[in-house]
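**Student:**
Number of protein chains: 2
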Amino acid sequence: MAEEKKQFRVIGTRPIRHDGTDKVTGYARYGADIHLSGMLYGKVLRSPHAHAVIKRIDTSKAEALPGVMAVITGRDLPEVADRLEELGEQVTNIRDESHNVLATGKVLYHGHAVAAVAAVSPHVAEEALKLIEVEYEVLEPVLDVLEAMKPDAPLLNPNLRTRGIGEEDGKPSNIAQHFQNKHGDVEKGFAEADYVVEREFRTTMVHQGYIEPQNATAYVRPDGSVTIWCSTQGAFAVRSQVAQLCKIPVSKIKVVPMEIGGGFGGKTVVYLEPLAVLLSKKTGRPVKMWMNRAEVLQATGPTSGSVIRVKMGCKKDGTLTAAQATLIYEAGAFPGSPVGAGAGVIFAPYRLPNVQIDGYDVLVNKPKTGAYRAPGGTNAAFAAESVVDELARLCGMDPLEFRLKNGVKEGDRRADGPRLPRVGYLETVRAAMESDHYKTPLEPSPDPTKRRGRGVASGFWFNGGGPSSVLVKVNEDGTVDLIEGSTDIGGTRASCAMIVAEVLGLPAEDVHPHVVDTDSIGYTSVTGGSSVTHKTGWASYLAAQEVREEVIRRAALLWSVEPAEVEYHDDGTLTCKSDPSKKTTFKEIAAQMNRTGGPIEGKGTINAGGAGPGFGTHIVDVEVDIETGKVDILRYTAVQDVGRAIHPAYVEGQIEGGVAQGAGWALTEEYYYDEKGHLLNSSLLDYRMPTALDLPLIETILVEVPNPNHPLGVRGVGETPIVPPAGAIANAIYDAVGIRLTRLPMKPSYVLEELIKAGLTS
Amino acid sequence: MAEEKKQFRVIGTRPIRHDGTDKVTGYARYGADIHLSGMLYGKVLRSPHAHAVIKRIDTSKAEALPGVMAVITGRDLPEVADRLEELGEQVTNIRDESHNVLATGKVLYHGHAVAAVAAVSPHVAEEALKLIEVEYEVLEPVLDVLEAMKPDAPLLNPNLRTRGIGEEDGKPSNIAQHFQNKHGDVEKGFAEADYVVEREFRTTMVHQGYIEPQNATAYVRPDGSVTIWCSTQGAFAVRSQVAQLCKIPVSKIKVVPMEIGGGFGGKTVVYLEPLAVLLSKKTGRPVKMWMNRAEVLQATGPTSGSVIRVKMGCKKDGTLTAAQATLIYEAGAFPGSPVGAGAGVIFAPYRLPNVQIDGYDVLVNKPKTGAYRAPGGTNAAFAAESVVDELARLCGMDPLEFRLKNGVKEGDRRADGPRLPRVGYLETVRAAMESDHYKTPLEPSPDPTKRRGRGVASGFWFNGGGPSSVLVKVNEDGTVDLIEGSTDIGGTRASCAMIVAEVLGLPAEDVHPHVVDTDSIGYTSVTGGSSVTHKTGWASYLAAQEVREEVIRRAALLWSVEPAEVEYHDDGTLTCKSDPSKKTTFKEIAAQMNRTGGPIEGKGTINAGGAGPGFGTHIVDVEVDIETGKVDILRYTAVQDVGRAIHPAYVEGQIEGGVAQGAGWALTEEYYYDEKGHLLNSSLLDYRMPTALDLPLIETILVEVPNPNHPLGVRGVGETPIVPPAGAIANAIYDAVGIRLTRLPMKPSYVLEELIKAGLTS
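Chains as they are written, first to last, in our numbering: chain A, 1 to 762; chain B, 1001 to 1762.
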């Protein structure tokens, strides 16, 4: 299917991003920039308890405060259907989402929304929150998945029964789901092994770390139609969720996606939008809401903490014989952790004759988890890649040689079932082996209190697809507008525009991309799953092809020949096969379009399949400070099969960003709860993400194995790079100090504790 | 070509207009509602003289006023090309438009823009205007076309030479153009006539009377790209004009058409937009500008005053033998009156063997004229219909019988050339004859000081076409969005939505129309020439057909049959020809679209020919107050061939509105200049438009002769109804008092003067 061209004119170049000027000059409009006449400000009252029954809410004093226009509680939300809604990589249950948006009956985590106020100023709204009286019956919280799985654990939802394995039991449980993926016979496989390693790993919740907090402004008009301005990865997903949560037809809701200050999966589920809608409906005025950072950290969806047990076996020559894993993921307050994805990722790079994976989705009194870049992948790979590293060492093999020996290629079966199409995993391993980084020996630290080590790890991501819609229209000056519904997070305005430019033989800057509202373009699924350059790029390709065909017809009309006589060249010129004197250009046809039949437009719609399995292999050098336990990253190289790098600079940027986030997860980031379930580090001073000072310049090596299921070979690239870092860094630490760390984050206190245990310091 | 259906489901019904709630609740956003951060306010300094040389402009004091951010004069406008730009029914010369936007060298009318200021508040901007020093050398103005045509008249533009007849002369002149349309031999025709009537008519400039003044907000971003929010009949026309006037590529300009508070032709040319762009460019901040009512009346484009001479001859049996006319139209300060259209209208209803029409476009020191509903038609028809009435009386024939005898039908040739396709003129005459109004004898007034009379007149309008673009996209809830570029003035959101609903078998309210900006839809020509339901309706029809085809393909896919097996019924249900058990609906297909191949969209683009010649015949009863000269309209019936009434209520509304404006033009409206060229009545108190108290309920009779050149038979309807009223009222006044009035407006002072002359009062 891939259209192999010897050479592209635009694809593979690095033009300035189309939205660059707007962003650096402050013209780009974010949700915070919305100001409407008569606008009110909404604030949310949140639970101080991790687990409690709401006995009574009295809003009367708040309502009596001058300037307060409306107060809502869970009672104001309509009863909604118990149904699943797909949001890219995430699935949300609408009834759970309703309970998450405003608690009814019980609060299930510290920060759970209990009531919301609309007032004439944010200050009055905050004052009003203090006047809302809530009587709680505080219950014992359960914060650890292993505790939560115990039969006598406090139950978050007494009506919840386990789905999947154990379903027949029928007893209430915090285990929302237990599944098993399996092929071959692991017992037999382990019996065949010369070396078997088994370990348990633990990770904590971590946050996506987007800079812009959640925000939403809603205006419900007198006829019941609604406009919502918000920061989202998917305007149509917001439309659909609000429609269901507020019981409004989708076509009565217009969602205007404002510019987005980061999402990384965290902006696919709604939190404030339904509250703003209900408050606007109640007041007849626009209502603007935004979260402060503490609210973002307490009450939006981080990714799961987890307990993962991995057992793998291999022969002396390194051949893997069996792998087994148990993944227990925190769902948070409602079912829906990414444990399924984690189970898909954990052994994905390896050809395994015998494999068994058990997955558990377990409720705990923490916020409902959400999608975060390759959801569930980093912690899974951390576990498996640590064990693989250990096996390679037992075999006395280079860890990349070990991966080359066992690595998957086209036709191999992934542990969770499907056979692979053409993928580039082995190519990434080879490129890593041939890299300057891997070929350059690591020098020991000149500082005797510091030890250096090198680690490698591989990672996989599925890469998603989904429906997308594009309109391309021609301007009289020979430029084109690209109208799309995909939120641009990672440079997809540029990549989609470049695809249109390539097809039409135009410079990239002559294609003007516009991300429009849900009224103005066809359905487009969320920007997530590394899908946009694949699916919206594909729709752009189809739309541009329609334009190209029409331009050919116009030239044929002007020349009085059949369209088949017209040749459209890659540089945007057209010639006539039978008469070489006839020449024209896209720009000339554009200038005449209204006189040759009317405006020229092309549309492209698609429901694209997945954006091609993505594999990466990372190399990292670290230095461990024996006295403090602090780990510094000295050098980092990420190799990845990116299919076709439409705009290599943004592909590299995606990889660098994924590594940075993975490094944060590996070394410093964690949700820190006390025993009562209070989040103790709900600020970006205390929730420690890596800064520029914490990271070296990340080196990237792009391997291009075109995705056979995309007309231009595009493969998803944004998520794969967050999968290997934690494993690679853990392996490097082992290489440095000989200690196998099994918990994330590998923060100084934990590392120091292990160094002391190992007698390396005191 | 017309798709004849026995019956339509949606077309011909009267659903509530889609934009109704927004308009009555104040949600609809007009240009005045634009507020941007850091916004400045722009004001224009205007000439106090009708004709003067600008000797010197000193802006230094204004620039020094605190709060003033920029001052511009004609020098700030770039040199632009001497080229014509089509704006629907109007053509503008870009160089003239540049000089009109800001005078350079000379001012040519009272109110001509001389400089513009941007300041932190409108008040500071107004103060600054007073500080701009302009030294004028005042010249003699020329205000009357006959004076202006004289060889020794003061010249507005010493470089102007007459185009057309007299071109070879080569002398400077105020006559911009002289053309002649002719066929047969009028001398011979008049020789054959038994009766010949010749008269001269005079009319003054009149205004479109839109409620919302011109306004524009512009923001030029640091990369030079521009956004303009304005009130316009054509966002793409604004884009094109500003691009040429400011020398910016069209694709760097985004025009956001705000809701429009009336236009009637007056909002196709730009006045403030280029000034706001230049001021924003100079200041780096958004600049908002609006006109007050005096500026609107003094300095935007009214329609021409005129001198029209008509000579017609007929035999005793009423057969017309010849017609001759000379139309001399005020162009205003720059060439471009609608005299060409007037020449096309003047004898259009009549089959004429011999005809000769001379047209003159003449400069005078008044504002450059603009389009106004059937530009140039009302005054032309006033002249011809008065003469036709006189001839009928000479023949002793009923005036409608006279028209029936001489009226045009398919295959007849219009005086200016083209042969007519199927038209419904004779049908309108017959319907008028059979109307309750015409069959009901007019009772004499019980008041002896009042005389009653009945008059009839016919009228014609070309009806335009042009390029248009539409996107129709399907929502998951089975509704569709209609995305279009046509400003909705007369209910075209509704009419286009109804066409989509008809094609797809949906209720009208399930189609949601959206008028979007120039970045978001293909090129769409101005809302003018009664073209929108024709051209954008046609594009909507094409787009809906694409959706329909795709829905059929999806049903075929779901049923595993060939698309040809699928039948799409008018109620939106689909069945399988070979298997009656297979049934589905548009809504079911819509709900599944993402899983059956992706989102469903249809696009339609077209460059539509004219919207079918339109004819109407009006009947009016008036009462003339002999003591005051005041004329009251007692009853009014307008019959019109409307082709196909998509939404009959809005068609009727168009006709009622056209009659109301025609009645104002007939009786009270005029630009009143003193001898120095000062406009003395530049307010809506003094410029007297009819109010609800001045008019009876206007009765309408819709004749539907489908336009053969439109898939649904749509014919333009909005302009024809303004053409007959002045003639019909003049004929009714004659019927009442026996006086042939030859000037517009037929205001009390003029009528009284004639009554006194005729000895009917003293």
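Every residue gets a Cβ at the ideal spot worked out from N, C-alpha and C, and that includes glycine.
From a predicted model like this one, the values you see are computed outputs, not experimental measurements.
Can you list, in chain order, the residues of the stretch 511-538 of chain A whose Cβ is nearer than 7 Å to any Cβ on chain B?
**Tutor:** When CB distances to chain B are screened at a threshold of 7 Å, the residues of the stretch 511-538 of chain A falling below it are HIS512, HIS514, VAL516, ASP519, SER520, ILE521, GLY522 and TYR523, in chain order.
**Student:** First and last residue of the beta strand (DSSP E) that includes B/THR1584?
**Tutor:** Here the beta strand (DSSP E) through B/THR1584 covers 1579-1585.
**Student:** Which residues bound the beta strand (DSSP E) around B/ARG1221?
**Tutor:** Secondary structure note for B/ARG1221: it is in no beta strand (DSSP E), with a DSSP letter that is neither H nor E.
**Student:** Just verifying my parser: in three-state terms, what is the DSSP assignment at B/GLY944?
**Tutor:** As displayed, chain B neither begins before 1001 nor continues past 1762, which places residue 944 of chain B out of reach and without an answer.
**Student:** Closer than 7 Å by beta-carbon distance: list the chain A residues that pair up with B/VAL1250, in chain order.
**Tutor:** ASN475, GLU476 and ASP477
**Student:** Measuring straight from C-alpha to C-alpha, what distance separates B/LEU1351 and B/GLY1370?
**Tutor:** The amino acid at residue 1351 of chain B is misidentified as Leu; the sequence shows Arg. Looking at the two C-alpha atoms, the distance is approximately 30 Å.
**Student:** Decide yes or no for the touch test of the stretch 1220-1229 of chain B against the stretch 1270-1288 of chain B: beta carbon pairs closer than 8 Å, at least 3 of them.
**Tutor:** yes
**Student:** Going straight from the alpha carbon of A/ARG163 to that of A/ILE175, what length do you get?
**Tutor:** 8 Å
**Student:** Given that A/TYR734 touches chain B, what residues does it touch there, using C-beta distances under 8 Å?
**Tutor:** Under the 8 Å cutoff, chain B gives no residues; its nearest Cβ is about 47 Å from A/TYR734.
**Student:** Within 10 angstroms of the Cβ of A/THR742, are there 16 or more other Cβ atoms? Answer buried if so, exposed if not.
**Tutor:** buried
**Student:** Identify the contact partners of A/ARG95 in chain B, using a Cβ-Cβ distance below 7 Å as the criterion.
**Tutor:** What A/ARG95 touches in chain B: nothing, since even the nearest Cβ is about 19 Å away.
**Student:** Helix, strand or coil, according to DSSP, for A/GLN592 in the structure here?
**Tutor:** It is helical.
**Student:** According to DSSP, simplified to helix, strand and coil, what is A/TYR109?
**Tutor:** coil
**Student:** Interface residues of chain B around A/SER280 at Cβ under 7 Å?
**Tutor:** Simply none; closest approach about 12 Å.
**Student:** Using only alpha-carbon positions, find the residue among A/LYS535, A/ARG293 and A/ASP571 that is nearest to B/GLY1598.
**Tutor:** A/LYS535
**Student:** Starting from A/GLU390, trace the alpha helix (DSSP H) in both directions and tell me its first and last residue.
**Tutor:** That run of the alpha helix (DSSP H) goes 377-395.
**Student:** Taking only runs that begin and end inside the stretch 657-716 of chain A, name each unbroken beta strand (DSSP E) of 3 or more residues, in chain order.
**Tutor:** 698-703
**Student:** What does the Cβ neighbour count give for A/VAL138, buried or exposed, with the cut at 16 atoms within 10 Å?
**Tutor:** exposed
**Student:** Using a C-beta to C-beta distance shorter than 9 Å, which residues of chain A count as neighbours of B/PRO1338?
**Tutor:** What B/PRO1338 touches in chain A: nothing, since even the nearest Cβ is about 22 Å away.
**Student:** Given a threshold of 16 other Cβ atoms within 10 Å of its Cβ, counted over all protein chains shown, does B/ASP1519 qualify as buried or as exposed?
**Tutor:** buried
**Student:** Just to confirm before moving on: does the CB-CB distance between B/PRO1690 and B/GLY1716 stay below 8 Å?
**Tutor:** Pairing B/PRO1690 with B/GLY1716 gives a Cβ-Cβ distance that is not under 8 Å.
**Student:** Any C-beta of chain A within less than 8 Å: which residues of the stretch 1101-1117 of chain B qualify?
**Tutor:** none
**Student:** Tell me which residues of the stretch 42-59 of chain A have at least one Cβ-Cβ distance to chain B shorter than 8 Å, keeping chain order.
**Tutor:** none
**Student:** When we look at the beta-carbon of A/HIS789 and count the other beta-carbons within 10 Å, is it buried (16 or more) or exposed?
**Tutor:** Limits of chain A in this structure are 1 at one end and 762 at the other, which puts residue 789 of chain A out of reach.
**Student:** Exposed or buried, which one is B/GLY1342 when buried takes at least 16 other CB atoms within 10 Å?
**Tutor:** By the 10 Å Cβ count, B/GLY1342 comes out buried.
**Student:** Check for me: the beta strand (DSSP E) holding B/GLY1490 runs from which residue to which?
**Tutor:** Secondary structure note for B/GLY1490: it is in no beta strand (DSSP E), with a DSSP letter that is neither H nor E.
**Student:** Under 8 Å between beta-carbons, which chain B residues line up against A/MET481? List them in chain order, please.
**Tutor:** A small correction: the amino acid at residue 481 of chain A is Asp; Met does not occupy that position in the sequence shown. Result: SER1251, ASP1519 and SER1520.
**Student:** Taking the Cβ atom as the reference point for each residue, do A/GLY263 and A/ILE211 lie within a distance shorter than 8 Å?
**Tutor:** It is not a contact, given that the beta carbons lie outside the stated cut-off.
**Student:** What span of residues does the beta strand (DSSP E) with B/MET1312 cover, start to end?
**Tutor:** 1306-1314
**Student:** With which residues is B/ASP1317 paired in a DSSP beta bridge?
**Tutor:** DSSP, once it has assigned bridges, lists no residue as partnering B/ASP1317.
**Student:** Under 8 Å by Cβ, that's how I've got B/SER1683 and B/ALA1294 pegged, so tell me the actual separation to the nearest angstrom.
**Tutor:** 6 Å
**Student:** Please identify the residue among B/HIS1569, B/PRO1249, B/ALA1032 and B/ALA1432 whose C-alpha is closest to the C-alpha of A/THR479.
**Tutor:** Residue nearest to A/THR479 within the set B/HIS1569, B/PRO1249, B/ALA1032 and B/ALA1432 is B/PRO1249 (criterion: CA-CA distance).
**Student:** Verify the CB distance criterion: does A/GLU601 have a CB-CB separation below 8 Å to chain B?
**Tutor:** Yes, contact with chain B.
**Student:** Consider the Cβ of B/PRO1274: report whether some Cβ of chain A lies at a distance smaller than 8 Å.
**Tutor:** no
**Student:** With the cut-off set at 8 Å, would you say B/LEU1275 and B/LEU1102 are in Cβ contact?
**Tutor:** yes
**Student:** Run the CB neighbour count on B/ASN1159, radius 10 Å, all protein chains shown included, and call it buried at 16 or more, exposed below.
**Tutor:** exposed
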